[in-house]
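Heads up, the thing below is written out as structure tokens.
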Amino acid sequence: MKFFIDTANLDQISEAQSLGILDGVTTNPSLMAKEGITGEKNIIDHYKKICSIVDGDVSAEVISTDFEGMIKEGETLAALHPQIVVKLPMIKDGIKACKYFSDKGIRTNVTLVFSSGQALLAAKAGATYVSPFLGRLDDISTDGLHLISEIRHIYNNYGFETEILAASIRHTMHVIDCAKIGADVMTGPLSSITGLLKHPLTDIGLAKFLEDYKKGN
Ligand code: G3P
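As numbered in our numbering, residues -5 to 211 make up the sequence shown, in order.
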């Protein structure tokens, strides 16, 4: 399972990278705005900074909603760095753009996916990643994990190579449940990764080991 961090915060990206288990970064316009990164030039510079911190894939989202606009933006983004994956919205022109990029060997992440039908279309269009939004479904009393598992089932049926990128992950149990289902990737906040470290018995056990070591010295 690949671990991506879902943020545009450079300190958090660096911290996750320093753990040695980070496989990539996902961003979106809201996450950029949260860090105060606005305007095309600043956003482009920020993507370059992110690519210099991590070794893996960095999803960069287009703002256009029409085919021509998405192609123009996506080509600019893809040319920034080999690690960039063009993130496209799950709308009709997004699917057309996904097929266009896939035919050209440019990697894509189809985002804002909330149904297995949408995920099927993304796979048919040759998406590298499909991003079902788990947490946002849970937010409206709909079973987000069920969607991940349905997509896994459908992709397995046909051997689709599109990777399931479980997005909108909110906490550690989402990560574990997605791993059980067989999602290829998870993307979430730093806390959803570092939270996996925690167990009180580990802390108690370590304290006892160190205490006993001191007794013997
Ligand atoms: O990767 C998708 C993500 O950015 C959405 O997460 O927490 O805003 O639903 P959230």
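The C-beta atom is built at its ideal place from N, Cα and C for all residues, glycine as well.
| Query | Result |
| --- | --- |
| Using CA atoms only, rank isn't needed, just tell me which of Ser96, Glu29, Phe127 and Glu69 is closest to Gln112. | Phe127 |
| From Phe108 to Leu159, what does the alpha carbon distance come to, in whole angstroms? | 12 Å |
| Going by the CB atoms, is the gap between Gly120 and Lys93 shorter than 9 Å? | yes |
| Look at Thr122 and Thr102 and say whether their C-beta atoms are less than 9 Å apart. | yes |
| How long is the line joining the alpha carbons of Val169 and Phe61, rounded to whole angstroms? | 34 Å |
| Below 9 Å between beta carbons: does that hold for Asn36 and Thr105? | no |
| Round the Cβ separation of Leu16 and Val48 to the nearest angstrom and send it over; I've been treating them as touching at under 8 Å. | 6 Å |
| Check whether the Cβ of Asn3 lies closer than 8 Å to any heavy atom of ligand 1, and answer yes or no. | no |
| Compute the Euclidean distance between the alpha carbons of Val80 and Asp137, then round it to the nearest angstrom. | 28 Å |
| Please confirm if Leu200 has its CB atom under 9 Å from at least one CB of chain B. | Absent from the structure is chain B; it holds one protein chain and no more. |
| Rounded to whole angstroms, what's the CA-CA distance from Leu131 to Gly182? Just pull it up for me. | 15 Å |
| Ligand 1 and Ser8: does the residue's C-beta get closer than 8 Å to at least one heavy atom of that ligand? | no |
| Ligand 1 and Thr181: does any heavy atom of the ligand fall closer than 8 Å to the residue's C-beta? | yes |
| Could you tell me whether the Cβ atoms of Ile38 and Leu74 are closer together than 9 Å? | yes |
| What residue range is occupied by the uninterrupted beta strand (DSSP E) comprising Phe(-2)? | Lys(-4) to Asp0 |
| Phe127: beta carbon under 8 Å from a heavy atom of ligand 1? | yes |
| To the nearest angstrom, how far is it from the Cα of Lys98 to the Cα of Gly68? | 12 Å |
| With distance defined between alpha-carbon atoms, name the residue in Ser110, Ile187, Glu55 and Cys45 nearest to Leu139. | Ser110 |
| Given a cut-off of 9 Å on the beta-carbon distance, is the pair Thr188 and Leu25 in contact? | no |
| Taking its Cβ as the centre, do 16 or more other Cβ atoms sit within 10 Å of Ile78, making it buried, or is it exposed? | buried |
| Could you check the C-alpha separation between Gln6 and Thr20 for me, to the nearest Å? | 12 Å |
| Mind checking whether the beta-carbon of Asp49 lies closer than 8 Å to any heavy atom of ligand 1? | no |
| Tell me which residues share the same chain as Ala161 and place their Cβ nearer than 6 Å to its Cβ, disregarding the 5 neighbours each side in the sequence. | Ser125, Phe127 and Thr181 |
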